[in-house]
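Chains as they are written, first to last, in our numbering: chain L, 63 to 438; chain R, 63 to 438. Positions of the beta carbon are idealized from the N, C-alpha and C atoms, including for glycine. As structure tokens, the structure follows; a few thoughts come after it.
Protein chains: 2
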Amino acid sequence: MKQESVMIEMNENLQGHVFSARVPVGAVELESGEVLSDVVVYVEWVGDLLRHREQAILLCHALTGDAHAFDTAEKPGWWGPLIGAGRALDTESHVVLCMNVLGGCSGTTGPLSICETTGQSYAGQFPEITIRDMVRVQHLALRSLGVTRLYAVLGGSMGGMQALEWACSFPSFVKHVIVLAALPVFSAIGIGYNAVMRQAIERDPAFQQGDYARYGVFPKDGLTVARMLGMITYRTAQLFEERCGRSISEQGTFEIERYLVYHGEKLVRRFDANSYLRLLSAMDGHHLGRNRGTLADAFGRITARVTMVGIENDLLYPPDSIKQAVCAAREAGVDAVYQEISSPYGHDAFLLEFDQLDAIFRDALAHAVPKNSIAR
Amino acid sequence: MKQESVMIEMNENLQGHVFSARVPVGAVELESGEVLSDVVVYVEWVGDLLRHREQAILLCHALTGDAHAFDTAEKPGWWGPLIGAGRALDTESHVVLCMNVLGGCSGTTGPLSICETTGQSYAGQFPEITIRDMVRVQHLALRSLGVTRLYAVLGGSMGGMQALEWACSFPSFVKHVIVLAALPVFSAIGIGYNAVMRQAIERDPAFQQGDYARYGVFPKDGLTVARMLGMITYRTAQLFEERCGRSISEQGTFEIERYLVYHGEKLVRRFDANSYLRLLSAMDGHHLGRNRGTLADAFGRITARVTMVGIENDLLYPPDSIKQAVCAAREAGVDAVYQEISSPYGHDAFLLEFDQLDAIFRDALAHAVPKNSIAR
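Here it is as structure tokens:
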């Protein structure tokens with residue numbers, strides 16, 4: 063791989079500066095055997111990259127998230143309140159980074175990127191990717207940026223799958239892993255909900271087998287319906303009852319329908335349908351034990367301390383199933399602990415319950431780390 | 063209303079005969095104020111209509127159900143094992159009837175019916191209907207058939223909504239009501255899931271604002287996606303995990319996706335999209351207290367004994383919410399009791415757990431009825 067220069071941009075934020083860069087990592091052979099040439103990873107970070115390159119913290123985003131975890135004057139970040147000097151993710155002692163995932167549509171190589179051999183965007187031809195592929199590309203990008211050790215990897219939902227894969231794929235690189243609302247193996251019901259979302263998109267006539275851009279169309283109805291379904295599963299019946307109940311919106315529909323349609327159509331304006339499909343497939347395929355013997359064998363590779371966080375009334379990742387995963391990990395020798403978030407929000411609590419997240423992160427990151435390591 | 067003759071057909075079944083008739087009930091003014099002329103109700107029944115017209119039992123079907131509750135040589139009925147001589151719904155001492163709902167597509171007036179004024183099918187012009195409209199039409203049909211009293215009304219899900227409305231709309235007509243997996247007021251999350259299904263259908267370009275038949279098309283993709291979502295919510299995560307897990311189907315997709323697509327496409331072959339939409343709206347509008355003062359006032363009208371049955375892990379109608387409804391009904395003076403079905407199936411258990419249904423029905427129908435009434 064030839065040496066590439068990395069352009070670094072800098073944005074003011076409330077706590078200092080948010081840096082961003084598009085990091086080229088060269089050709090990447092995917093788990094499927096296919097090769098993606100000239101992969102570029104979009105990264106944002108806060109903190110001193112040079113000084114804390116052995117103490118970096120990596121945040122992994124969820125399905126429709128992006129690298130913008132950090133608050134800026136222009137736009138709040140998805141974990142903004144948790145990041146900064148003296149905060150749970152402390153930018154005085156760490157550099158905190160977040161990358162758009164491989165296959166995404168917010169800066170990193172994905173279906174919208176130009177394919178070198180055709181000169182056109184990959185669109186429907188973009189290969190299937192896995193959570194492991196995402197993590198391997200993140201590792202390459204970190205190495206390019208000079209990061210030599212991760213103090214912690216954190217993520218919720220699809221981000222939690224990545225965090226777990228990090229612990230398994232690069233054990234010596236990672237000290238702490240915090241996995242929120244995710245499991246070592248994606249569940250049948252999760253695959254089921256993804257199947258409905260996939261069918262909604264692929265059956266939209268505007269989908270055109272993924273080549274919608276070439277026809278100047280977009281499967282907006284399919285993606286809207288998919289997102290509507292997503293939004294229901296990310297929250298709880300109790301919350302919808304309290305917030306929406308049976309009230310009627312100005313449009314004359316029930317308030318909950320207005321709310322869901324609003325969020326469905328909002329996603330269409332910022333997310334690519336092919337990316338959405340590739341990320342669904344990556345989630346479907348998520349299995350920590352794949353090609354690693356048993357799940358216990360996979361756990362056996364992990365040396366990081368693992369904190370797994372369940373969320374009360376999470377429809378997709380019920381606390382009980384996360385507790386079972388913690389037990390299985392402990393039996394396989396992992397230093398794993400369980401924490402729980404109490405919330406009316408359900409699954410989405412990992413993006414909303416900042417006070418509880420703050421406490422869990424502080425506790426997990428301070429814990430069981432040799433004192434000389436903390437003092438450093 | 064002029065006197066109409068009712069053609070009665072007769073089919074053999076294992077227990078004797080299943081009769082069926084298309085019963086004209088004349089013009090019906092809907093709750094909305096709109097008038098449907100020449101409404102016809104498709105009815106099936108087992109037992110002696112003349113002898114047991116004061117001891118009739120009415121079964122109300124769910125969203126995609128129909129009047130065929132009874133086993134015949136040709137086709138099993140949805141509550142077949144519960145109906146017959148000596149069974150829980152005893153055809154020796156009762157006549158057991160079931161009708162396709164108003165707005166449905168299996169024999170009763172609905173969007174597929176011919177509108178007298180246009181000479182064409184109503185299609186998208188079919189008016190919005192309510193659960194109360196369905197019940198009122200059932201009452202008219204029963205009267206046409208000479209039924210003067212219902213020993214019991216039973217139904218699950220949308221059928222349970224009808225059963226409750228029966229108790230409230232025609233208190234002196236009904237002795238027992240058994241409501242399975244339904245509530246007095248439809249929930250926000252229920253409306254939410256219905257909204258996703260509605261959007262999936264209406265956003266299918268083949269929907270053509272409901273006039274698809276005129277264009278020779280059908281919104282099969284939209285209805286397929288809607289049904290896929292329905293199927294997920296009718297079962298439990300645990301069941302899908304055990305039955306499907308992460309197995310791969312012959313088509314190369316995950317087994318759960320194959321299963322959901324199979325059921326989605328199967329519904330398309332037997333159900334009309336406009337009917338589906340009208341029934342969703344009827345469910346959305348379900349509120350026992352509508353135009354009756356408070357919910358307590360509505361309960362106050364009920365004189366029947368009410369058995370409400372919750373199903374373990376029912377995503378749509380959690381047992382706790384049904385228990386609360388029973389408490390509210392009791393506080394309003396209703397002779398209401400709660401029963402629970404333990405099942406891995408979730409919501410659909412009311413169509414599957416025949417042993418438990420049998421026991422619950424026998425218990426409920428034998429209970430609190432004056433002895434001379436039972437002996438008759």
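**Members of the stretch 247 to 265 of chain L that neighbour chain R once the beta carbon cut-off is set at 7 Å** = Ser249, Ala250, Ile251, Ile253, Gly254, Tyr255, Ala257, Val258, Gln261, Ala262 and Arg265
**Message:** Let's test the definition: count the other Cβ atoms within 10 Å of the Cβ of Ile294 of chain L and tell me whether it reaches 16, buried, or not, exposed.
**Reply:** buried
**Residue from R:Ser94, R:Phe423, R:Ile364 and R:Met69 with nearest C-alpha to Pro233 of chain R** = R:Ile364
**Item:** Min CB distance Met370 of chain L to chain R below 9 Å
**Value:** no
**Asked** By how many angstroms is the C-alpha of Tyr338 of chain L removed from the C-alpha of Ser311 of chain L?
**Response** 29 Å
**Message:** Would Val396 of chain R and Phe423 of chain R qualify as a contact pair, given that the criterion is a beta-carbon distance under 9 Å?
**Reply:** no
**Prompt:** Hey, how far is the Cα of Gln418 of chain L from the Cα of His130 of chain R?
**Reply:** 53 Å
**Message:** Whole angstroms are fine: how far does the CA of Ala358 of chain R sit from the CA of Leu350 of chain R?
**Reply:** 9 Å
**Item:** Where Ser206 of chain R falls, given that 16 or more other Cβ within 10 Å makes a residue buried
**Value:** buried
**Prompt:** Where are the beta strand (DSSP E) runs, 3 residues long or more, that stay fully inside the stretch 390 to 423 of chain L, in chain order?
**Reply:** 398 to 403
**Message:** Rounding to the nearest angstrom, what Cα-Cα distance links Ile251 of chain R and Leu413 of chain L in this structure?
**Reply:** 21 Å
**Prompt:** Checking contacts by CB at 9 Å: is Phe316 of chain L closer than that to chain R?
**Reply:** yes
**Request:** Determine which residues share a DSSP beta bridge with Met161 of chain R and list them.
**Result:** R:Val105 and R:Cys122
**Item:** Sheet register partners of Ala299 of chain L (DSSP bridge)
**Value:** Answer is none; Ala299 of chain L lacks a bridge partner.
**Asked** Does any CB atom of chain R fall closer than 9 Å to the CB of Leu92 of chain L?
**Response** no
**Prompt:** Can you tell me the Cα-Cα spacing of Asp334 of chain L and Pro381 of chain R, whole angstroms?
**Reply:** 40 Å
**Prompt:** Is Pro143 of chain R helix, strand or coil when you go by DSSP?
**Reply:** helix
**Request:** Look up Tyr274 of chain R in the DSSP assignment and say whether it is helix, strand or coil.
**Result:** helix
**Request:** Could you tell me which residues DSSP pairs with Phe316 of chain R in its beta bridges?
**Result:** R:Ile310
**Asked** Buried or exposed: Lys328 of chain L, going by 16 or more other Cβ atoms within 10 Å of its Cβ?
**Response** exposed
**Asked** Are the Cβ atoms of Glu71 of chain R and Gln261 of chain L separated by less than 9 Å?
**Response** no
**Request:** Find the nearest neighbour of Glu304 of chain L within the set L:Tyr407, L:Arg113, L:Ala421 and L:Met370, judged by alpha-carbon distance.
**Result:** L:Tyr407
**Request:** Identify whether Met196 of chain R lies in helix, strand or coil by the three-state DSSP scheme.
**Result:** helix
**Request:** Have a look at Ile119 of chain L and Leu159 of chain L and give me their C-alpha separation to the nearest angstrom.
**Result:** 6 Å
**Asked** Okay, do the stretch 103 to 114 of chain L and the stretch 176 to 185 of chain L touch, 3+ Cβ pairs below 8 Å being the bar?
**Response** no
**Prompt:** How long is the line joining the alpha carbons of Pro267 of chain R and Val236 of chain R, rounded to whole angstroms?
**Reply:** 45 Å
**Message:** According to DSSP, Ser82 of chain R sits in a beta bridge with which residue or residues?
**Reply:** R:Glu71 and R:Glu106
**Prompt:** Considering only residues of the stretch 314 to 364 of chain L, which uninterrupted alpha helix (DSSP H) runs meet the minimum length of 4 residues and lie entirely inside it, listed in chain order?
**Reply:** 317 to 330, 335 to 346 and 357 to 362
**Request:** Take Leu342 of chain L as the anchor and find which of R:Phe316, R:Arg332 and R:Gly326 has the nearest alpha-carbon.
**Result:** R:Phe316
**Request:** Please state whether DSSP places Ile373 of chain L in a helix, a strand or coil.
**Result:** strand
**Message:** Can you check which of these residues, L:Val368, L:Glu136 and L:Ile263, is closest to Cys389 of chain L by C-alpha distance?
**Reply:** L:Val368
**Message:** Please confirm whether Ile384 of chain L has its beta-carbon closer than 9 Å to some beta-carbon of chain R.
**Reply:** no
**Message:** At the 9 Å Cβ level, is Thr286 of chain L part of the contact set with chain R, yes or no?
**Reply:** yes
**Helix, strand or coil at Glu304 of chain L according to DSSP, with G and I counted as helix** = helix
**Message:** My parser needs the beta strand (DSSP E) runs of 3 or more residues fully inside the stretch 207 to 238 of chain L; what are they?
**Reply:** 212 to 218
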